[in-house]
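Read through the structure below, which is laid out as structure tokens, and then see the notes.
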Ligand code: NAD
Ligand code: MG
């Protein structure tokens, strides 16, 4: 039995993970569940899966969760706060951690999972974008397995040679990684039209149902930018060998081009249960509850170059990746603040890249040498992005 802790169990990835687990009760046991604020949903999950530990953000929510579980005679230990997320990883008896908290809040517990040798199923791309080398070192020291859940990276993982590591050997002949992008809901919108799009329009993704932050990231294409940085760290290829292709159908989840002219792609429905099931059961393959792909029902599969003029977030991310050091952490923090402000209707859509760019130019980049330093830079970038937003609104 695999013992699974889910960080962010009430979110889109968390709920899909529990769906896969529910279908395989003899393979997986839930050791820990954590949520931010959704106490009722977490309580239902605890009643069904009876984890050893459940975590929420604050004391009041923890008291409410404890009361709900007591009523149902569930013996789950209820904890709260950021350090409790680490406890859920290290003290719940789990061997596998689904890292599915959104944003920087997932960094510390995901790093703890890496350090303690767990199988890390990485959905929380922001954690890797922020900590890059530090995270990959923690995986190495911990000795666990890192399996990407982000659909593109999971696809590439499936298309790479079996013995591929993030220090690729030339004899393996890997030339390029091609990350596909749907282009999001505004793929065909003009700059003029992008001026007044609303949060709900931005979150109405044509192919995937996801949390609101990643949905906005998909609409600005910052998501693909973060994914370029994610691929850089996961697979260890130079940035010039990581390319982005717009593929509106979201059927080819990504590809690897080899030296001999072969291109290997992974195809499937746009359904996160496929990569989740892959990561949970690896190296076996289990049913994910996903309908088989019917290629004859698809009219076309098309691929085009992204338009960097309409989607500047992609260029900003490439530039931050190239700069390296703390630049990706600054990019990520500013983006989180700008996206939150857009979702609260405090800034228009097109100000998101402006805030990110200005924050990046306001902070000097240093070597991302320690977790403390990364967290400090993250806080600094957030403060600057908030000030920029306040100025903009005056
Ligand atoms: P979501 O918003 O639906 O869920 C986020 C989860 O994190 C929730 O359980 C929430 O309660 C928890 N959370 C949020 N803030 C928290 C905090 N401060 N402290 C503790 N817990 C907190 O997000 P999602 O769409 O499931 O995405 C999760 C991660 O997976 C993101 O990093 C996203 O980029 C990545 N991802 C998601 C998808 C997808 O299809 N949804 C695909 C690829 C990658
Ligand atoms: Mg993705």
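Residue numbers (the numbering used here): 2 to 395.
Backbone N, C-alpha and C define an ideal beta-carbon position, used for all residues, glycine too.
Notebook entry, point to check: Which value, in whole angstroms, describes the spacing of the CA atoms of residue 188 and residue 311?
Noted result: The sequence position of residue 188 within the chain shown is 187, counting from 1. The sequence position of residue 311 within the chain shown is 310, counting from 1. Each residue's Cα considered, the two are about 9 Å apart.
request  = For residue 12, collect the residues of the same chain with a Cβ closer than 7 Å to its Cβ; drop the 5 residues on either side in sequence, then sort them by chain order.
outcome  = Residue numbering aside, residue 12 sits at position 11 when the chain shown is read from its first letter. Result list for residue 12: 101, 103, 212, in chain order.
At the level of alpha carbons, what is the spacing between residue 340 and residue 214? As a position in the chain shown, residue 340 is number 339, starting the count at 1. As a position in the chain shown, residue 214 is number 213, starting the count at 1. So the alpha carbons of these two residues sit roughly 7 Å apart.
If residue 139 and residue 170 are in contact, beta carbons under 8 Å, what's the gap, nearest whole angstrom?
Mapped onto the chain shown, residue 139 falls at position 138. Mapped onto the chain shown, residue 170 falls at position 169. Residue 139 to residue 170, Cβ: 23 Å. No contact.
- Below 7 Å between beta carbons: does that hold for residue 143 and residue 107? One-based indexing of the chain shown puts residue 143 at position 142. One-based indexing of the chain shown puts residue 107 at position 106. No, the pair does not count as a contact, with Cβ atoms beyond the cut-off.
Does at least one heavy atom of the ligand MG sit under 6 Å from the Cβ of residue 263? Against the chain shown, residue 263 aligns to sequence position 262. Flag unset: Cβ of residue 263 not near the ligand MG.
Does the segment 290–310 come within contact of the segment 330–349, defined as at least 3 CB pairs closer than 8 Å?
no
With a 10 Å radius around its C-beta and 16 neighbouring C-beta atoms as the bar for buried, classify residue 262 as buried or exposed.
Position 261 of the chain shown, counted from the start, is the residue given in the question as residue 262. By the neighbour-count rule (16 or more Cβ atoms within 10 Å), residue 262 is not buried but exposed.
What residue from 336, 177, 81 has the CA that sits closest to residue 65's CA?
-> Here residue 65 refers to the residue found at position 64 of the chain shown. Selected option, being the one with the closest Cα: 81.
- Can you list, in chain order, the residues of its chain whose CB lies under 6 Å from that of residue 258, leaving out five sequence neighbours each side? By 1-based counting over the chain shown, the position of residue 258 is 257. Same-chain partners within the cutoff: 176, 177, 264.
TODO: Mind reading off the beta-carbon distance from residue 130 to residue 231? Whole number of angstroms is fine, and I expect it under 8 Å.
DONE: One-based indexing of the chain shown puts residue 130 at position 129. One-based indexing of the chain shown puts residue 231 at position 230. Going by Cβ atoms, the distance from residue 130 to residue 231 rounds to 6 Å, so yes, they are a contact pair.
Helix, strand or coil at residue 255 according to DSSP, with G and I counted as helix:
Working through the chain shown from its first residue, we reach residue 255 at position 254. Residue state for residue 255 is assigned as strand, using DSSP reduced to three classes.
Given that a residue counts as buried once 16 or more other Cβ atoms are within 10 Å of its Cβ, and exposed if not, what is residue 196? Along the chain shown, one-based indexing puts residue 196 at 195. Answer is exposed; the Cβ neighbour count stays below 16.
Please enumerate, following chain order, all residues with a beta carbon closer than 7 Å to at least one heavy atom belonging to the ligand MG. 151, 152, 153, 224, 228
Let me know the alpha helix (DSSP H) ranges lying completely inside the segment 227–287, each 4 residues or longer, listed in chain order. 274–282
Worksheet entry | residue 83 - containing alpha helix (DSSP H), residue span | Along the chain shown, one-based indexing puts residue 83 at 82. From DSSP, the alpha helix (DSSP H) with residue 83 extends over 83–91.
Checklist entry - Can you tell which of 353, 330, 343 has the C-alpha that lies nearest to the C-alpha of residue 365? => result If you number the chain shown from 1, residue 365 lands on position 364. Comparing Cα positions, the closest option is 330.
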